[in-house]
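In our numbering, the protein residues as written are 30 to 89. Even for Gly, the Cβ is constructed at its ideal location relative to N, Cα and C. Here the structure is a predicted model, which means the values were calculated and not measured. Written out below as structure tokens is the structure these notes cover.
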């Protein structure tokens, strides 16, 4: 949903929706461990499963 759609459903302003989303994200960041945040960041790229399994299957 867009912020405008959320505002309409919640019968509030778009500014209020933006503010609530901002504060919710900040609160969640405070609850999540730093290593999890790093793994979820846009800069990190997930390693393909095959690349992780190959050494295990080779006994390494």
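Asked: Got a sec? Which residues, its chain only, sit under 8 Å from residue 34 by beta carbon, not counting five neighbours each side?; Found: none
Asked: With distances taken from CA atoms, which of 69, 30, 61 is nearest residue 47?; Found: 30
Asked: Give the range of the alpha helix (DSSP H) segment to which residue 60 is assigned.; Found: 43 to 60
Asked: Suppose you measure from the CA of residue 64 to the CA of residue 82; what does that come to, to the nearest Å?; Found: 22 Å
Asked: Quick check: what's the CA-CA separation for residue 56 versus residue 49?; Found: 10 Å
Asked: Provide the residue span of the alpha helix (DSSP H) that contains residue 36, from first to last.; Found: 32 to 39
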